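Below is one structure; the comments refer to it alone.
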Amino acid sequence: MKILKNPIVLLIVFLMAFGSYYFQKRRLTPPSPPASKQEGGKATKEKVGEIKIVAKEEIAPATSDTRVAEAQKTILHLMAEGVIPIPTQQVNSNLRFIVKPNPIGFHCAAGDFDIMQVMTTSPTSKIFTISVESMDKGAFQTSQAYSLSDMGKKAPFAVDVPSADGAYGLYLCIDSQQKKLCSTSPNLDPHTWGQSDKKTKEMAEGHTLYFQLLVVKNNIAYVIPGAKWGKQNLEKLTQDLGPWLGPDAKYLEKMNAKLEALTPLPAVVLGHDLTIPLKYLEGKCG
């Protein structure tokens, strides 16, 4: 596997480094520890933030100055709108990126990870699923089963999506039946919060806890901003990103509906990973 290193991608790496620092400082989230993963049948250690260097002869030929300038302008505009490029590797005709759950403690504020703990009878039971599924129903889907222990360890999920333009949903759901998909699961009912453990289990089973919209454009993967929702925000995103998204702009409305229902923390790029922040209550209130 070779990481493409043309000037456009080098720009993205620089902007990602800056974006990673910004989000870590803003959310006071420590970087993920090194995690084991499989590559070519051999276990390797992945170090967050480590920049992999390719041989000189592997670097793609430079594009024209005009094309680079246009790419710089587009990327800076997108980042100003909250769109985040995702670090990827080219694998045949696919783009590979790493997704990791990232439990985060909040003072006096419960979250999705608290519900996941209530749902768990054994910390090693794989009753949760993280999936990436095409917004064009059935066109593409991939998933990985997780236990509560896997979530706590921030176990990586290597996702290969087609490098052609497209839109995808990043989901996390309670999947005790091991359907291995989340897009057909209903959103978690907001009335689940504050219920007894028994009632919470009944209400949360088989429901989606988390969603973010991802897109691939011009061989680059992005996260569409998920920190805000509502009619006004939808109108602004449609106006600002619609021309760039093209046919995939129609999925902004579905994204907005999911965000309004689930009110998730937005996905964050830390180092080379796309992380799913999962809030949990840390410490006593007062």
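Sequential numbering of the sequence shown, starting at 3, is according to the numbering used here. Every residue gets a Cβ at the ideal spot worked out from N, C-alpha and C, and that includes glycine. As the structure is a computational prediction, the values presented were derived from the model and not from experiment.
Closest by C-alpha distance to residue i, when choosing among the options
i	options	result
Gly196	Ala111, Asp152 and Glu135	Ala111
Gln91	Pro164, Ser187, Thr265 and Gln119	Pro164
Tyr212	Ala82, Ser95, Tyr253 and Cys175	Cys175
Pro103	Pro266, Gln180 and Ile86	Pro266
Thr144	Gly154, Asp152, Thr131 and Lys238	Thr131
Ala141	Asp116, Phe115, Ala229 and Gly168	Gly168
Ile100	Val218, Asp275, Cys287 and Leu150	Asp275
Trp246	Pro188, Val218 and Asp199	Val218
Ser185	Met137, Trp231, Asn220 and Leu243	Met137
Asp162	Ser95, Ala259 and Gln234	Ser95
Gln179	Tyr148, Asp199 and Thr194	Tyr148
Lys155	Ser198, Pro125 and Asp114	Pro125
Ile86	Ser198, Ala160, Leu243 and Lys200	Leu243
Lys200	Thr240, Val93, Thr123 and Val134	Thr123
Asp177	Pro158, Phe159 and Gly208	Gly208
Ala160	Leu239, Val93 and Asn220	Val93
Asp250	Asn235, Pro158, Pro268 and Lys139	Lys139
Asp114	Thr194, Asn235, Lys233 and Glu135	Thr194
Cys287	Ala166, Asn235 and His109	His109
Asn221	Leu236, Ala166, Thr240 and Ala157	Ala166
Ala259	Gln234, Glu135, Met81 and Val134	Gln234
Leu80	Ala269, Leu239 and Glu135	Leu239
Lys181	Ser133, Gly248 and Ala157	Ser133
Residue i and residue j closer than 8 Å at C-beta
i	j	result
Ala206	Leu183	no
Met257	Ile278	no
Lys203	Met121	yes
Glu284	Gly84	no
Pro2	Leu264	What is shown of the chain runs 3 to 288, which leaves residue 2 out entirely.
Ala223	Leu97	yes
Leu216	Tyr170	yes
Leu78	Met118	no
8 Å contact criterion, which residue i and residue j should meet: CB distance rounded
i	j	result
Ile129	Val271	Their Cβ separation, rounded to whole angstroms, is 27 Å, which puts Ile129 and Val271 out of contact at 8 Å.
Tyr282	Asp67	That pair is no contact at about 49 Å.
Gln146	Leu172	Not really, about 12 Å apart at Cβ, beyond 8 Å.
Pro192	Thr210	Not a contact, Cβ separation roughly 13 Å.
Trp231	Glu262	5 Å
Residue range of the unbroken beta strand (DSSP E) whose run includes residue i
i	result
Ala147	Gln143 to Tyr148
Leu272	Val270 to Leu272
Gln92	Gln91 to Val93
Asp162	Phe159 to Pro164
Residue range of the unbroken alpha helix (DSSP H) whose run includes residue i
i	result
Lys256	Leu254 to Leu264
Ala206	Asp199 to Ala206
Bridge partner(s) assigned by DSSP for residue i
i	result
Val225	Ile86 and Leu216
Lys102	Thr277
Glu135	Gln143 and Gly171
Val120	Per DSSP, none; premise fails for Val120.
Thr289	No information on residue 289 is available, as it lies outside the stretch 3 to 288 that the chain covers here.
Asn96	Val93 and Pro164
Leu267	None, per the DSSP bridge assignment.
Ala107	Note that residue 107 is Gly in the sequence shown here, rather than Ala. DSSP output for Gly107 lists Tyr282 as bridge partner(s).
Ile129	None; Ile129 has no bridge partner.
Thr210	Cys175 and Asn189
Chain B within 8 Å of residue i, Cβ atoms only
i	result
Ala269	The chain labelled as chain B is not found in the depicted structure, where only one protein chain is given.
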